[in-house]
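Q: The sequence shown begins at 3 in this note's numbering and counts up by one. Built from N, CA and C at the ideal position, the CB exists for glycine as well. Here it is, the structure in full.
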Amino acid sequence: MATQTPRILSGIQPSGKLHIGNYLGALKNFVELQNSGKYECFFMIADYHSITEDYDPKTKSAQVLELVADFLAVGLDPDKSTIFLQSLIPEHTELAWIFSTVTPVAELTRMTQYKDKASRQTKNINAGLFTYPILQAVDILIYKPELVPVGHDQLQHLELANDIVRRFNKKFGQTFKEIKPLLTQSPRVMSLGDPQKKMSKSDPSGCLFLSDEPGEIKKKIQKAVASSQGLEGVGLPAGNQDAILSKIEEAYQNNPALQGGLNLFLLLVIFDYEAALKIIKNKKYRYSEIKEVLAEALSNHLEYFRMKKKELIQNPNILKETLVGGSAHARKFASATLTEVKQKIGLTL
Ligand code: TYM
3 MATQTPRILS
13 GIQPSGKLHI
23 GNYLGALKNF
33 VELQNSGKYE
43 CFFMIADYHS
53 ITEDYDPKTK
63 SAQVLELVAD
73 FLAVGLDPDK
83 STIFLQSLIP
93 EHTELAWIFS
103 TVTPVAELTR
113 MTQYKDKASR
123 QTKNINAGLF
133 TYPILQAVDI
143 LIYKPELVPV
153 GHDQLQHLEL
163 ANDIVRRFNK
173 KFGQTFKEIK
183 PLLTQSPRVM
193 SLGDPQKKMS
203 KSDPSGCLFL
213 SDEPGEIKKK
223 IQKAVASSQG
233 LEGVGLPAGN
243 QDAILSKIEE
253 AYQNNPALQG
263 GLNLFLLLVI
273 FDYEAALKII
283 KNKKYRYSEI
293 KEVLAEALSN
303 HLEYFRMKKK
313 ELIQNPNILK
323 ETLVGGSAHA
333 RKFASATLTE
343 VKQKIGLTL
């Protein structure tokens, strides 16, 4: 019997430049999943989500196009993946209303991202910020995917989506299947300035942006907070990249004081594995050396991206066409699911 190609879906908010957390937690994985040929891929630009934060309407459409350029510059290909814009598909907001009727308020109040954002933008704690995870559940479930590639910070939102699946199916009959998160080996990249916190657009001073020029990369890495101790005691294995990264992830939990050093070393393992392996074998973790090698490796790794993005930004029409074409394709799936849902919940004539 022919089995269906598993579908994956993920989204990113258009709210400024992407940082290497977005890249290592999500975007790099999107490209690998796309190129593996094993999945039917949907990647969305979450513009409705992005307007729940303070923003300038004059810059939003440029931010959307910039994110399309980011997608294409890292290697997403509209011939292989459906790249689309949330606000071009009205079925998302329609289904969000329906899902809001099966989502307990208590679940929403538990969301750490809501609490975090509400504590940062105290003058704009809008209802959209509160119901944000409902719309995210729609973004996912309306396409009925199996897997959702995201960074660690999105796990709670995916749990809520599965909670909605269970409640909806129980009330209206089997309609949605639970989804599984797909994490990378680096699902939590920490801030360069405050390694106890994740790297986040809300604190640009701790971010390394994908479009940073080599001089900036060098300056930022040199200033990055390392740790007062070396990593000798962590027992990193002189094994393959995955083995080292999972040991780093484990050490993150057990040694909060080492997070700065671990974060830098994690980047080194990804961007210059050979150099990292040499350091592990020699058991000499000198942060000055780690930083120097890392800055060089990162600048080289991102060179093609920087060049390609500059080129793509010059052609806004191609970027717009990508979104319009991808959204028309995505809308067919969204519309079929909404029709099914309306029948299930009794909203048909
Ligand atoms: P957003 O735009 O904040 O982030 C996009 C992706 O980047 C990951 N990420 C990180 N990964 C590792 N380390 C970090 N420091 C780091 N910072 C960000 C995020 O986990 C995410 O995968 N709510 C979502 C957008 C969204 C969405 C969706 C995602 C809307 N609808 C449907 C998946 C499915 C968000 O704000 O991501």
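I'd like to know whether the C-beta atoms of residue 150 and residue 189 end up nearer to each other than 8 Å.
A: Not a contact, by the Cβ cut-off of 8 Å.
Q: Are any of the Cβ atoms in chain C nearer than 8 Å to that of residue 317?
A: The displayed structure is made up of one protein chain only, and chain C is not part of it.
Q: Locate the beta strand (DSSP E) running through residue 135, then write down its first and last residues.
A: Run containing residue 135: none in the beta strand (DSSP E); it sits in the alpha helix (DSSP H), 129-143.
Q: For residue 215 and residue 18, I'd like the C-alpha separation in whole angstroms.
A: About 16 Å.
Q: For residue 19, is the beta carbon positioned less than 7 Å from some heavy atom of the ligand TYM?
A: Checking the Cβ of residue 19 against the ligand TYM gives no.
Q: If the criterion is Cβ atoms closer than 8 Å, does the pair residue 226 and residue 286 meet it?
A: For residue 226 and residue 286, no; Cβs fall outside 8 Å.
Q: From the DSSP output, in three-state form, read off residue 170 for me.
A: Looking at residue 170 - three-state DSSP - the assignment turns out to be helix.
Q: Is any heavy atom of the ligand TYM found at a distance shorter than 7 Å from the C-beta of residue 94?
A: No, the ligand TYM has no heavy atom inside 7 Å of this Cβ.
Q: Would you mind reading off the limits of the alpha helix (DSSP H) that contains residue 333?
A: Note, residue 333: alpha helix (DSSP H), 318-347.
Q: Going by alpha carbons, who is nearest to residue 9 out of 233, 335, 300, 235?
A: If we check each option's Cα against that of residue 9, 335 comes out closest.
Q: Across the segment 58-65 and the segment 94-103, are there enough close Cβ pairs to call them in contact, namely three or more that are closer than 8 Å?
A: The answer is no - the segment 94-103 does not touch the segment 58-65, with fewer than three Cβ pairs under 8 Å.
Q: Return yes when the Cβ of residue 97 is within less than 8 Å of the Cβ of residue 144, no when it is not.
A: Yes, the pair counts as a contact, with Cβ atoms nearer than the cut-off.
Q: Can you find a heavy atom of the ligand TYM that lies under 7 Å from the Cβ of residue 26?
A: Under cutoff, so the answer is yes.
Q: Any heavy atom of the ligand TYM closer than 7 Å to the Cβ of residue 8?
A: Every heavy atom of the ligand TYM is 7 Å or more from the Cβ of residue 8, so no.
Q: In this structure, what does DSSP give as the bridge partners for residue 45?
A: Per DSSP, 12, 85.
Q: Would the C-beta of residue 113 count as close to the ligand TYM, meaning under 7 Å from any of its heavy atoms?
A: No, since every heavy atom of the ligand TYM falls outside the 7 Å radius drawn around the Cβ of residue 113.
Q: Between the Cα of residue 271 and those of 258, 259, 290, 249, spot the shortest distance and give me the residue it belongs to.
A: Among 258, 259, 290, 249, the Cα nearest to that of residue 271 belongs to 249.
Q: For residue 54, I'd like the list of residues in its chain whose CB is within less than 7 Å of its CB, leaving aside the five on either flank, ordered along the chain.
A: Contacts found: 128, 130, 131, 134.
Q: Please say whether residue 264 and residue 70 have beta carbons closer to each other than 8 Å?
A: Result no, Cβ atoms of residue 70 and residue 264 do not sit closer than 8 Å.
Q: Report yes if the C-beta distance between residue 49 and residue 83 is below 8 Å; otherwise report no.
A: Against a cut-off of 8 Å, the Cβ pair of residue 83 and residue 49 comes out as no contact.
Q: Can you tell me whether DSSP reads residue 78 as helix, strand or coil?
A: Looking at residue 78 - three-state DSSP - the assignment turns out to be coil, as it is neither helix nor strand.
Q: For residue 93 versus residue 288, is the C-beta spacing smaller than 8 Å?
A: Not a contact, by the Cβ cut-off of 8 Å.
Q: Drop a sphere of 10 angstroms on the beta-carbon of residue 107, count the other beta-carbons inside from all chains shown, and report buried for 16 or more, exposed for fewer.
A: By the neighbour-count rule (16 or more Cβ atoms within 10 Å), residue 107 is not buried but exposed.
Q: Which parts of the segment 182-238 are runs of the beta strand (DSSP E), unbroken and 3 residues or longer, counting only runs that do not cross its ends?
A: Complete beta strand (DSSP E) runs here, min 3: 182-184.
Q: Can you look up residue 1 in the DSSP assignment and give me helix, strand or coil?
A: Since the first and last residues shown for the chain are 3 and 351, residue 1 lies out of range.
Q: Taking buried to mean at least 16 other C-beta atoms within 10 Å of its own C-beta, is residue 241 buried or exposed?
A: When all chains shown are included, residue 241 counts as exposed.
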